[in-house]
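Take a look at the structure set out below.
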Amino acid sequence: MTDLVQPRRRRRWLRIVLAVVALLLVGAVLTLHLLIRKGSCSAAVPFAATLRDADVDGVRMRWSISGDPDNRRPTLVMITGLGSGQSTWAPVLEGLLRHGRVFTYDRPGYCESDAAPPGPRDVVTMADELHGLLEETQVAPPYVLVGHSLGGLVAEAYAARYPDQIAGLVFDDARASDFMLRCLDTLGEARCADPWWVRPVLTLAPIQSREFAALQASEAQVRSLTPVSGVPALVLSAGVLRLGDDVRDVWLDSQRGLAARYGARQITFEDSEHFLHTQAPDRFVSLVGGFVDALPPRTSPESTP
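Numbering (the working numbering), first residue to last: 970 to 1274.
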């Protein structure tokens, strides 16, 4: 009799253990979904900025402005890449404040901003949203646009559409507008069309999926725009890219092309990956701060927030 009871007990305990493991896995998946469905909204370093809300064409957008108004200095407008909320700038915020005011925000669909309205999520749309937000919040130009990854394309689109507002451009391992063309010409569609790093996110984050789907259209938009002229620019590039050597070479070629497009100085962070501002914050602040400090003084209406 005992010989029959023991296997049943073991099977019962095995079922209980498997059920607990299954629940833990479901919980982990749900937690991951909640964490990234609207982008990365937290940072390892506390984000020491006061967050506010503004209504832009019926969409509530969360933003912050840090630092004291100074008409002699431009405001640094920080533009995140695909998948990041404004807290990504936490490691460099304090350092950048020594060089000017810093404006950050969450695009529609990210973090505590409202969902993005229907329609394509291309960079011209994003640039116009940012323009509306800056007007609504009365943060006056001139601006230095700092764009990370996809945010670099947004910065280019903004500068082309509103050139009189721009004092400078900083590209933080930004995607160049001809990256996909270079990749297709060099490596072919099978290698370049694979959404490598973003694939795991696409099924969990609708806004990121929409932005990714519009990437080639966004690149084409920027190529069709006349780039802002006579504006200083700085191109910061990652030296460590886990894309495979072939795609890495194309990416670095496109970085050099981006620098040539604006007559910019290009600096490679040899030991850093794509998120330069989080992996090498001190060097990032030193280079961006030095770039801003070297800009000629300009006069601007005082901002009120």
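The C-beta atom is built at its ideal place from N, Cα and C for all residues, glycine as well.
Starting from the Cα of Ser1082, find the closest Cα among Ser1255, Asp1024 and Met1047 and give me that residue.
Asp1024
If I measure Cβ to Cβ from Gln1248 and keep anything under 7 Å in the same chain, skipping five residues before and after, which residues do I get?
Contacts found: Ser1241 and Glu1242.
Whole angstroms is fine: what's the gap from Ala1207's alpha carbon to Leu1221's?
8 Å
DSSP three-state assignment for Leu1212, whether helix, strand or coil
Leu1212 falls in the coil class under three-state DSSP.
Among Pro1266, Pro1060, Thr1049 and Val1197, nearest to Glu1117 - alpha-carbon criterion
A small fix is needed here, since residue 1117 is His in this sequence, not Glu. Considering only alpha carbons, the answer is Thr1049.
With DSSP as the reference, label Ala1128 as helix, strand or coil.
helix
Helix, strand or coil: how does DSSP classify Ala1186 here?
helix
Nearest-angstrom Cβ-Cβ length linking Ala1186 and Pro1087, presumed shorter than 8 Å
The Cβ separation is near 16 Å, so there is no contact.
Entirely enclosed beta strand (DSSP E) segments - the segment 1059–1139, minimum 3 residues
1071–1074 and 1112–1117
Decide if Arg1067 is buried, meaning its Cβ has at least 16 other Cβ atoms within 10 Å, or exposed.
exposed
So, with DSSP's three-state summary, where would you put Phe1238?
For Phe1238, the secondary structure class from DSSP, reduced to helix, strand or coil, is strand.
Tell me the rounded alpha-carbon separation between Leu1065 and Gly1259.
Computed Cα separation, rounded: 10 Å.
Nearest-angstrom Cβ-Cβ length linking Ala1129 and Thr1195, presumed shorter than 8 Å:
Going by Cβ atoms, the distance from Ala1129 to Thr1195 rounds to 6 Å, so yes, they are a contact pair.
Cβ-Cβ distance between Phe1238 and Val1061 below 8 Å:
no
Quick one: Cα of Arg1042 to Cα of Glu1158, how far?
45 Å
So, helix, strand or coil for Arg1225, using DSSP?
Residue state, collapsed to three classes: helix.
Taking DSSP as the reference, what is the three-state secondary structure of Thr1155?
helix
Taking all protein chains shown into account, do 16 or more other C-beta atoms lie within 10 angstroms of the C-beta of Ser1223, making it buried, or fewer, making it exposed?
Buried.
Boundaries of the alpha helix (DSSP H) in which Thr1247 is found, first to last residue
Per DSSP, the unbroken alpha helix (DSSP H) holding Thr1247 starts and ends at Leu1245 to Gln1248.
Measuring CA to CA, which of Ala1189, Tyr1127 and Glu1125 is closest to Met1149?
The candidate whose alpha carbon is nearest that of Met1149 is Ala1189.
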